[in-house]
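Protein chains: 2
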Amino acid sequence: MRPQVLIIGCGFGGLEAARALAGTDVDVTVVDKTNHHLFQPLLYQVATAGLSAPSIAAPIRHLFRRQRNVTTLLGEVVTLDAAGRTVTLKDGAQLRWDHLIVAAGATHSYFGRDDWAAFAPGLKTLQDAFEIRRRVLLAYEEAEREDDPARRAALLQFVVVGGGPTGVELAGTFAEIARHTLPGEFRRIDPRDARVLLVEGSPRVLQAMPESLSERAREQLTALGVEVRLGARVTGIDAEGLDITTSAGTERLHSRCVVWAAGVAASPLGRALADATGCTLDRAGRVTVEADLGVKGFPTIQVIGDLAAAQSHAPGHPPRPVPGVSPGAKQMGRHAAANIRRRLAGQASLPFRYRDYGNLATIGRNSAVVDLGTPAGALRFSGYPAWLFWLFAHVYFLIGFRNRFVVLIDWAWAYWTHDRHARVVSEASPVRDGPA
Amino acid sequence: MRPQVLIIGCGFGGLEAARALAGTDVDVTVVDKTNHHLFQPLLYQVATAGLSAPSIAAPIRHLFRRQRNVTTLLGEVVTLDAAGRTVTLKDGAQLRWDHLIVAAGATHSYFGRDDWAAFAPGLKTLQDAFEIRRRVLLAYEEAEREDDPARRAALLQFVVVGGGPTGVELAGTFAEIARHTLPGEFRRIDPRDARVLLVEGSPRVLQAMPESLSERAREQLTALGVEVRLGARVTGIDAEGLDITTSAGTERLHSRCVVWAAGVAASPLGRALADATGCTLDRAGRVTVEADLGVKGFPTIQVIGDLAAAQSHAPGHPPRPVPGVSPGAKQMGRHAAANIRRRLAGQASLPFRYRDYGNLATIGRNSAVVDLGTPAGALRFSGYPAWLFWLFAHVYFLIGFRNRFVVLIDWAWAYWTHDRHARVVSEASPVRDGPA
């Protein structure tokens, strides 16, 4: 029997690891909670009705149809037995492995305030995206029917918590919807009266970027119509809005549509792995891995992607943390696969080295910031050229020819018409039914 | 104040009525339970993962953005006051009208066996389509993980109840998925082992068609791999399958994916209308209307589309029932609008006359039947030419240039690759969690 490789999770890391094992004399099993690989960088466009879900989600087993050594299974791993080399799925089924790659990713963290989840959904899954789409579009619908000016204003106030890439993208797009997509379609309200606020606890947005680009991003957000509140800490969220605290004091923001883009926590599988192996977790619940991405004492278990607290080991430099971005996850996936091949060949595994090709974030129509590392030094630009660069980079990395083609059409259409074609809410229970 | 026209429901009938009132000196309010107009004839393609929802659903207010006398409201009408000329929404809000057009459509009927709904979802809304998509795709996923041969066979047996157009389309597409889309993607099962059954109580499928075309349709279904059971009555449905009775006796069909395409019942608003006006309902709950589509004793209330039991009044012919197809609903919508204009001009309303341009139904790849009334007599054809005719007719009637374009691309893609791009299940709770 050939060595059994089990990969838990088919995000960027898991997908890349499985692909990198093509042609290797192993049986690979990919197990995922959903039936699709999700192109997470464009998930905010599903949430904001610019793209339909199938354009950014590909059935996992379809991606592996020609890679005959991969078996795809739908299932949720809940516990691991490190010594017995098995995992147990939620329904009790067990899977055996000789080499394990844990790529279960991350979820939102409300910093211990899980009661906020009902009032401020996060954005990690398609289900999350549909929920945000529903809340945003139904807030306008309800405002059109609301006679009370205060309640109407609350319905037309949209708050995004968290100034990282997702928060910036969401806030910028919310502003575009209010200013460009919806005007002319309502008879009692003017969508341009909507306010979009971006609340960030630190002194700047896009903290992973150089300070100058954070400032460009803030300027572009403001130009798009977003009110950016920096140094503002959220102290409470409920069905009617949220409380923020700044150096100026405490403020109440009335809103029926709050989106949470502030905190990320590792998958609960990190906890299960710690229970099984005694490995340590960092504050965000990520698994502290060895230099080669293995778990201490269990070299046949590797952890990659957002679940791993990994270091990059470049010769001649001190180790540096690997950022939680998709190129990091992909590189870890390829590295984990290479380690398995080396072990099968009787060689030692190698330390992981992250290659940083730069960082980019979009803000809205014609607006983005790009920070590229080049041999000649850093190349930084913003605005329209950065937006074009962002656009083609994302289309390039999208999976599947059809998706690239259709997404380009959708974007061209949206650019010229300001329309967003996916403004469909399948379940139209009004916002006032509460955030159940 | 201008006369207030209230239109309940924005399907084919309601949409057409509101459009036909463009330029008329009235205020039109369109109220619908959802935020979108649904192109129902292609809903089965969303259920079978061939199209994404936004391709066949357009935001209602977007459709009316340039028609300034239309106000769109999201809401569900629950009761009517015919004398006071108001309707009450689910949340208690009231809307006033001078002229009312009720176009609330139809829903599934389980012929008094509403307990079957949990085990055999119908197909009327996007939500229904997602549920069917989920069940079909997850049945294959679960079969891949199932070791017991009997349970595996039950997971790979798909049963469609009802041989009308929707049932025929669903069964044909299910067979195509099993034979052409999924093979090669599974490692433990062969999707070609799946069985697709179409169960119909009467002696033929597509009863609205001439008998010869019903026979052509049955042949084409069989060629696609569907087992057609005619004269088979369903006597029970539960979580494990269904019981059918034929002249040969009773048979148990084990299946985890049963779809209900057998019965149609009018919207519950018909009952509310009967309570308010004393009008009579037919056996399917449809409102019996006068020759001009008005409600007896309440000429300012008109009922159109699937909610109306209407007759066509052609000069020189006895009245004939209007069939429940989209051209019928559209023609009634235009007629109701014309009646309102006539009344406003002090003229009497006119009896409705349905113009029958024919009937067509698709069965699957390259398979359809067409029955056209022409001045030279009936023109009937089937197979590939009928399928092409069906295809272009549907693209032509789709709303929105973008949708036409993208649907054509999706169909071309699916035709050449056999792939179905929308194979995404956002909520992946396994089938065995039960049909909650």
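The listed protein sequences derive, respectively, from chains X and P. End of the first sequence sits at 436 in my numbering; the numbers just go up one at a time, nothing left out. End of the second sequence sits at 872 in my numbering; the numbers just go up one at a time, nothing left out. We put the CB at the ideal spot given by N, CA and C, even for glycine.
ILE304 of chain X and ALA103 of chain X have their alpha carbons spaced roughly 5 Å apart.
The beta carbon of GLY333 of chain X sits closer than 6 Å to those of GLY13, GLU16, ALA17, ILE304, all from its chain and outside the five residues before and after it, given in chain order. Any Cβ of chain P closer than 8 Å to the Cβ of ALA53 of chain X would place that residue at the interface, and such an atom is present.
Per DSSP, GLN347 of chain X lies in no beta strand (DSSP E) segment and is marked neither H nor E. In this structure, VAL441 of chain P places its C-beta atom within 8 Å of the C-beta atom of HIS535 of chain P.
Taken in chain order, the unbroken stretches of beta strand (DSSP E) that lie wholly in the region 289-317 of chain X and span 3 residues or more are 298-303. Going by DSSP, ILE60 of chain X is part of the alpha helix (DSSP H) stretching over 60-63. Non-local beta-carbon contacts of VAL464 of chain P in its own chain, meaning distances under 6 Å to residues more than five positions away in sequence, involve VAL441, ALA454, LEU457, ASN505, VAL506 in chain order. Under DSSP, ILE835 of chain P takes part in no beta bridge, so it has no partner. In the DSSP assignment, GLY167 of chain X falls within the alpha helix (DSSP H) that extends over 165-176. Here DSSP, grouped into helix, strand and coil, assigns ASN359 of chain X to strand.
Our two residues, LEU717 of chain P and ARG628 of chain P, have alpha carbons roughly 46 Å apart in a direct line.
Taking C-beta atoms as the reference points, ALA611 of chain P and VAL694 of chain P fail to come closer than 8 Å. If you draw a straight line from the Cα of ASP626 of chain P to the Cα of HIS313 of chain X, it is about 46 Å long. Per DSSP, ASP846 of chain P has no beta-bridge partner at all. With contacts defined by Cβ atoms closer than 8 Å, LEU123 of chain X and ALA261 of chain X form a contacting pair. In this structure, DSSP gives PHE622 of chain P a state outside helix and strand, which the three-state scheme calls coil.
Around ALA57 of chain X, the same chain offers HIS36, HIS37, LEU38, PHE39, LEU126 as residues with beta carbons nearer than 8 Å, after the five sequence neighbours per side are excluded.
Put simply, the CB of VAL860 of chain P is near chain X, with a gap under 8 Å to one of its CB atoms. Chain-order list of chain X residues neighbouring LEU573 of chain P: ASN35, by C-beta distance under 7 Å. A straight-line Cα-Cα distance of about 18 Å links ASP275 of chain X and TRP97 of chain X. What GLY603 of chain P touches in chain X, judged by beta-carbon distance under 9 Å, is nothing: the nearest beta carbon there is about 22 Å away. With a beta-carbon spacing of about 20 Å, ILE8 of chain X and LEU344 of chain X fall beyond the 8 Å limit used to define contacts.
From the beta-carbon of HIS421 of chain X, the residues of chain P found nearer than 7 Å are PRO490, ARG838. Under DSSP, GLN94 of chain X forms a beta bridge with X:THR88. With a threshold of 8 Å between beta carbons, PHE186 of chain X makes contact with chain P. Taking a C-beta distance under 8 Å as the contact criterion, LEU642 of chain P and ALA653 of chain P qualify as a contact pair.
At a beta-carbon threshold of 8 Å, the residues of chain P lying near HIS62 of chain X are GLU621, ASP855, ARG859, ordered along the chain. Listed along chain P are ARG838, PHE841, VAL842, ILE845, each with a C-beta nearer than 9 Å to that of ILE409 of chain X. For a Cβ distance threshold of 8 Å, residue set GLY184, GLU185 of chain X lies close to ARG501 of chain P, ordered along the chain. For ARG229 of chain X, there is no enclosing alpha helix (DSSP H); the enclosing beta strand (DSSP E) covers residues 226-229. Taking a Cβ-Cβ threshold of 7 Å, the residues of chain P close to LEU73 of chain X are GLU580, ARG581, in chain order. For PHE566 of chain P, the C-beta contacts it makes with chain X under 8 Å involve SER426, in order along the chain. For a cut-off of 8 Å, the C-beta gap from GLY201 of chain X to ALA232 of chain X is around 7 Å, short enough to register as a contact. Considering only beta carbons, no part of the region 667-700 of chain P lies closer than 9 Å to chain X. The beta-carbon of PRO495 of chain P is placed less than 8 Å from the nearest beta-carbon of chain X.
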